[in-house]
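Asks: Top to bottom, those sequences are chains A and B.
Read left to right, the first sequence gives residues 569 to 1000 (my numbering).
Read left to right, the second sequence gives residues 569 to 1000 (my numbering).
Even for Gly, the Cβ is constructed at its ideal location relative to N, Cα and C.
2 protein chains.
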Amino acid sequence: MYYDEAEKLSRLEIERLQLMRLQRTLRQAAKSPFYKERFKECGLDVDAVKSLDDVKSLPFTTKQDLRDSYPDKVLAMPQSEMVRMHVSSGTTGTPTVIYHTQKDLDWWASLMARCMHMVGLRRTDVFQNMSGYGLFTGGLGIHCGAEKLGCLTIPAGAGNSHRQIKLLMDFKVTGIHIIPSYALYLTTIFAELGIDPRTLPLRIALVGAEPYSEESRRRLEALYDMKCYNSYGLSEMNGPGVAFECTEQHGMHVWEDAYLPEIVDPATGEPVPDGEYGELVMTSLGREGMPIIRYRTRDITRFLTEPCPCGREHRRIDRLQGRCDDMMIVKGCNIFPMQIERILMSMPEVGENYLIILERDGFIDNIRVKVEIRDEFFVEDMRQLGSLQKRIASRLRDEILVTPRVELVERNSLPKSEGKAKRVVDNRERGA
Amino acid sequence: MYYDEAEKLSRLEIERLQLMRLQRTLRQAAKSPFYKERFKECGLDVDAVKSLDDVKSLPFTTKQDLRDSYPDKVLAMPQSEMVRMHVSSGTTGTPTVIYHTQKDLDWWASLMARCMHMVGLRRTDVFQNMSGYGLFTGGLGIHCGAEKLGCLTIPAGAGNSHRQIKLLMDFKVTGIHIIPSYALYLTTIFAELGIDPRTLPLRIALVGAEPYSEESRRRLEALYDMKCYNSYGLSEMNGPGVAFECTEQHGMHVWEDAYLPEIVDPATGEPVPDGEYGELVMTSLGREGMPIIRYRTRDITRFLTEPCPCGREHRRIDRLQGRCDDMMIVKGCNIFPMQIERILMSMPEVGENYLIILERDGFIDNIRVKVEIRDEFFVEDMRQLGSLQKRIASRLRDEILVTPRVELVERNSLPKSEGKAKRVVDNRERGA
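(1) Measuring only between beta-carbons, confirm whether Tyr-571/A sits less than 8 Å from chain B.
(2) So, using beta-carbon positions, are Leu-853/B and Leu-590/B closer together than 8 Å?
(3) Going along the chain, which residues of its own chain have a beta-carbon closer than 6 Å to the beta-carbon of Pro-627/A, five neighbours each way excluded?
(4) Leaving aside the five residues before and after Cys-878/A along the sequence, list all residues of the same chain whose C-beta is less than 6 Å from its C-beta, in chain order.
(5) Please check the pair Phe-871/A and Ile-885/A, which I expect to be a contact at CB under 8 Å, by giving their CB distance rounded to whole angstroms.
(6) According to DSSP, is His-745/A part of a helix, a strand, or is it coil?
(7) How do the stretch 706–724 of chain A and the stretch 678–691 of chain A stand: do at least 3 beta-carbon pairs fall below 8 Å, yes or no?
(8) If Arg-855/B and Glu-575/B are in contact, beta carbons under 8 Å, what's the gap, nearest whole angstrom?
(9) Check whether the Cβ of Phe-719/B lies closer than 8 Å to any Cβ atom in chain A.
(10) Of all the CB atoms in chain B, is at least one closer than 8 Å to the CB of Pro-601/A?
(11) Are the CB atoms of Val-993/B and Met-896/B within a distance shorter than 8 Å?
(12) Just reading off the alpha helix (DSSP H) that Gly-879/B is part of, what are its end residues?
(13) DSSP has Pro-829/A in a bridge; who is on the other side?
(14) Is Gly-890/B helix, strand or coil by DSSP?
(15) If we cut at 8 Å on Cβ distances, does Tyr-750/A have a partner in chain B?
(16) Please classify Gly-624/A as buried or exposed, where buried requires at least 16 other C-beta atoms within 10 Å of its C-beta.
(17) Taking Cβ positions only, does Leu-577/B come closer than 8 Å to chain A?
(18) As a quick exercise: from Met-913/A, Val-832/A and Ala-961/A, pick the residue whose alpha carbon is nearest that of Glu-783/A.
(19) I need the straight-line Cα distance from Ala-989/A to Ile-746/A, nearest angstrom please.
(20) For Arg-691/A and chain B, any beta-carbon pair shorter than 8 Å?
(21) Take Asn-934/B and list the residues in its own chain whose beta-carbon comes closer than 6 Å to its own, dropping the five residues that flank it on each side.
(22) Check the Cβ of Gly-707/B against every Cβ in chain A and list those closer than 7 Å, keeping chain order.
(23) Residues of the stretch 638–656 of chain B with a CB closer than 8 Å to any CB of chain A: list them in chain order, please.
(24) Is there a Cβ from chain B that is less than 8 Å from the Cβ of Pro-769/A?
(25) Compute the distance between the beta-carbons of Leu-774/B and Tyr-797/B, then report whether it is under 8 Å.
(26) Apart from the five residues just before and just after Leu-708/B, which ones in its own chain have a Cβ nearer than 7 Å to its Cβ?
(27) Assign Ala-835/B to buried or exposed, taking buried as 16 or more other Cβ atoms, counted over all protein chains shown, within 10 Å of its Cβ.
(28) Does chain B have any CB closer than 8 Å to the CB of Pro-723/A?
(29) Taking the CB atoms as reference points, tell me whether Ile-666/A and Glu-581/A lie closer together than 8 Å.
(30) Whole angstroms are fine: how far does the CA of Phe-758/A sit from the CA of Leu-964/B?
(31) Sort Val-937/A, Phe-931/A and Glu-917/A by Cα distance to Ile-925/A and report the nearest one.
(32) Are there 16 or more other CB atoms within 10 angstroms of the CB of Ser-781/B, so buried, or fewer, so exposed?
(33) With a cut-off of 8 Å on the beta carbons, I'd call Arg-996/A and Gly-919/A a contact; round off their distance for me.
(34) Rounded to whole angstroms, what's the CA-CA distance from Val-810/B to Val-977/B? Just pull it up for me.
(35) What are the complete alpha helix (DSSP H) segments, minimum 4 residues, inside the stretch 724–798 of chain A?
(36) Assign Arg-579/B to buried or exposed, taking buried as 16 or more other Cβ atoms, counted over all protein chains shown, within 10 Å of its Cβ.
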């Protein structure tokens, strides 16, 4: 039933292991120029860390710290010991680099294999990885986990929808890794080909890399007749394989033998009470090449406090609420794009695509939402459409506390994406 | 000096090993539906193969055979034992699929690591793989070899030239895998950035996946101040790692502990005398999941018969002359695009790009060659240009026995490619 011993540890055993590995990780981190200096600055004696609670006294590491340390100041071992690096896209500035030793890669692959095993994938499964490969961790990260588990792994890569469908069918693929917006897009290609995706042997999808709502999940599960399991990962903590849903589909178990998660108030950095939303902070416990201490992920989530019916005692984090940085402020309200998606996807009239546009009229911010409507609801009768429009606006207002301008548009009229969907356009002029 | 024991085997030891592995491979292949039937058809008793010479009595396997066996009739083990597949692009029909067990992948990575070690790469090197990943074997194939050798491997993937250059510089990359036409193209981006690629720490390039001439190699070596080593591989025999140049840069050693190479007359299938050109035929000796017997590669080459000064006794094949299928017939002459490239690239006036266009005027085939000329030679004086044009036409005629129409064009005026270069356009109407 379990992939490895660590998966079935009790709370007590997990915490004992975590403390031991935290101490080891701190000693290892102290060998890097970055942490050596950081620990010195805050007068940290790594040997004085005697309990898991002491983690609160350790300094945070931010994305900016990693950027400032570019390219190799966080390395805790000679570069010649490293066998791979991944680099973040660096669209918002200097890229960040994560280095791995062979041992780091082996552990990462095991964690990923454990995720896949947990949701029922086995060596007899045929697994198609629809992630882009290369520097992005979703490609090689998932790939190596699938091979480690022993699945027949198809490195399909991103895009080329007709070939993806041919592979799915010809090789009787039972498991996939896919981005939710692409999974929705692919249904339109299936429709063009006159193929019902529910007739495929596909059973299980690993879904991550992009925020999506519970309603989108249920819709995808119905469209493909498969189970979708949410994955959480970030390149700073290797990539995929950090936290993963079990078959309960309620929260993602963080592999606490490899990571030490905390939830803090993003403004103060103080821990929030268990069960409250805050920013996820992660410490790697299993990495020798480039340990990272208390990384500020910018992701907003909370711990689920009840024991999971599956019996695993690795703590669960809730579906991400958004990123600290994604939060939109409109008329003084904090809004996450995910809130809007959740409402839209719960309405049967709404199609697969939508777009959020932020605008400024004079001094007033407005939010406009363009929504694709399914053909059968896109009727001639203007009164019916007007009523639907009002209903959507009102449901959104209840959720985000701002009344948006809602525009109904025909199926396939909004820009499509083969990669991560761009859901928000900010047209507000920046003030001087 | 050597990466592993197999690299330093004597001829006698190689051949003893080959016979043993050929016998094992035949017994393994006979477990697949395809070979079971094929062996039966030609009344082959695999136990009757008692010498390497007996290989001549074995049936060939063609690309079409693999297509007809799509998706899994050549599998010699249950599909559940397989952990990866690669699929050819299938641009010319049904794709072909190659399956690998974990043991197959480990051996493949070792062969690739051996190639890289042979030309001087070590675990202290930083290696940037500029191949596309995914189903194409040049990505994961080279990647896994580099990791196995212990290089710090950067999975850069294809394209995104500015990022490629940033990675090369920021991480002091010493080894790369690159397609020759892209390496040439990249020099134009370096020039735009005002960076001389010769100032980089880059020492070694693995170059393959596309035919290119000795003159192109020398030019690339000078432009980057690095050594370029030619690589030969094909997905049917795993991918890269089949044959590789040593530091003599004269012919590629076929790893004969893993492959049994033959050269045959493409028309008759009979062996050609040692040293003569013909079609390369390959048998896998190390694959358990999907052994392939006497695969017709369609690649034209010859064995180099002298012992290699490097001391390795694995036989060398010469630079590929072209593919059986690439051969152009113009006015009754057999012409390979590589012959034209070789001449053009030996002339200092010629730039990085050219295009071969086949045309038909009435009943007569013509060959037109558009050639980019370097800025310093692209002068106003029409007489000088006319003289250069005649000189190129005459040198080409000496090589291909047909006088081409030569057009001189300015730098950057021909279509560029970030992937495999398209060098030949055939505009001849097909007869009814």
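Replies: Per the coordinate set shown:
(1) As a position in the first sequence, residue 571/A is number 3, starting the count at 1. No, Tyr-571/A does not count as interfacial toward chain B.
(2) On the second sequence, position 285 is the one that residue 853/B refers to. On the second sequence, position 22 is the one that residue 590/B refers to. The answer is yes: Cβ separation under 8 Å.
(3) In the first sequence, counting from the first residue as 1, residue 627/A sits at position 59. So the qualifying residues of the chain are Arg-606 and Cys-610.
(4) Position 310 of the first sequence, counted from the start, is the residue given in the question as residue 878/A. The residues are Cys-814 and Glu-816.
(5) Counting from 1 along the first sequence, the entry for residue 871/A is found at position 303. Counting from 1 along the first sequence, the entry for residue 885/A is found at position 317. Sure, about 6 Å apart at Cβ, within 8 Å.
(6) Residue mapping note: residue 745/A aligns to position 177 of the first sequence, counting from 1. Looking at His-745/A - three-state DSSP - the assignment turns out to be strand.
(7) yes
(8) For the purposes of this step, residue 855/B is identified with residue 287 of the second sequence, where counting begins at 1. For the purposes of this step, residue 575/B is identified with residue 7 of the second sequence, where counting begins at 1. 19 Å between Cβ atoms; not a contact.
(9) Indexing the second sequence from 1 puts residue 719/B at position 151. Reading off the sequence shown, one finds Cys at residue 719/B, where the question assumed Phe. For Cys-719/B, the answer is yes, since a Cβ of chain A falls inside 8 Å of its Cβ.
(10) Walking along the first sequence from the start, residue 601/A turns up at place 33. Taking Cβ atoms only, chain B never reaches closer than 8 Å to Pro-601/A, which makes this a no.
(11) Counting from 1 along the second sequence, the entry for residue 896/B is found at position 328. Counting from 1 along the second sequence, the entry for residue 993/B is found at position 425. No, these two residues do not count as a Cβ contact at 8 Å.
(12) Mapped onto the second sequence, residue 879/B falls at position 311. From DSSP, Gly-879/B is part of no alpha helix (DSSP H); its letter is neither H nor E.
(13) Counting from 1 along the first sequence, the entry for residue 829/A is found at position 261. Pro-829/A pairs with Met-850/A.
(14) Residue numbering aside, residue 890/B sits at position 322 when the second sequence is read from its first letter. Strand.
(15) Mapped onto the first sequence, residue 750/A falls at position 182. Chain B, which has no Cβ nearer than 8 Å to the Cβ of Tyr-750/A, makes this no.
(16) Walking along the first sequence from the start, residue 624/A turns up at place 56. In the sequence as presented, Gly is not what sits at residue 624/A; that position holds Lys. The residue is exposed, with fewer than 16 neighbouring Cβ atoms inside 10 Å.
(17) As a first step, residue 577/B is located in the second sequence; it is residue number 9 there, counting from the start. Closer than 8 Å: no.
(18) Mapped onto the first sequence, residue 783/A falls at position 215. For the residues Met-913/A, Val-832/A and Ala-961/A, the minimum Cα distance to Glu-783/A belongs to Met-913/A.
(19) Position 421 of the first sequence, counted from the start, is the residue given in the question as residue 989/A. Position 178 of the first sequence, counted from the start, is the residue given in the question as residue 746/A. So the alpha carbons of these two residues sit roughly 13 Å apart.
(20) On the first sequence, residue 691/A is found 123 positions in, with the first residue counted as 1. So yes, Arg-691/A belongs to the interface.
(21) Position 366 of the second sequence, counted from the first residue, corresponds to residue 934/B. Once the five neighbours on either side are set aside, the close Cβ partners of Asn-934/B are Glu-927.
(22) The residue labelled residue 707/B in the question sits at position 139 within the second sequence. Result: Tyr-701.
(23) Tyr-638, Pro-639, Gln-647, Ser-648, Met-650, Val-651, Arg-652, Met-653, His-654 and Val-655
(24) Walking along the first sequence from the start, residue 769/A turns up at place 201. Not one chain B Cβ lies under 8 Å of Pro-769/A.
(25) Taking the first residue of the second sequence as 1, we reach residue 774/B at position 206. Taking the first residue of the second sequence as 1, we reach residue 797/B at position 229. It is a contact, given that the beta carbons lie within the stated cut-off.
(26) In the second sequence, the residue the question calls residue 708/B occupies position 140. Cβ within range, chain order: Tyr-701.
(27) Sequence index remark: in the second sequence, residue 835/B carries index 267 (1-based). Classification for Ala-835/B: exposed.
(28) For the purposes of this step, residue 723/A is taken as residue 155 along the first sequence, with counting starting at 1. With 8 Å as the cut-off, Pro-723/A counts as an interface residue toward chain B.
(29) As a position in the first sequence, residue 666/A is number 98, starting the count at 1. As a position in the first sequence, residue 581/A is number 13, starting the count at 1. No; because the gap between Cβ atoms is not below 8 Å, this pair is not in contact.
(30) Position 396 of the second sequence, counting from 1, holds the residue named residue 964/B. Position 190 of the first sequence, counting from 1, holds the residue named residue 758/A. For Leu-964/B and Phe-758/A, the distance between alpha carbons rounds to 51 Å.
(31) Your numbering for residue 925/A matches position 357 in the first sequence. Taking only the C-alpha atoms, the option nearest Ile-925/A is Val-937/A.
(32) The sequence position of residue 781/B within the second sequence is 213, counting from 1. Flag for Ser-781/B reads buried.
(33) By 1-based counting over the first sequence, the position of residue 996/A is 428. By 1-based counting over the first sequence, the position of residue 919/A is 351. That pair is no contact at about 27 Å.
(34) Numbered from its first residue, the second sequence carries residue 810/B at position 242. Numbered from its first residue, the second sequence carries residue 977/B at position 409. Taking the straight line from one Cα to the other gives about 38 Å.
(35) 729–738, 748–761 and 782–792
(36) Your numbering for residue 579/B matches position 11 in the second sequence. By the 10 Å Cβ count, Arg-579/B comes out exposed.
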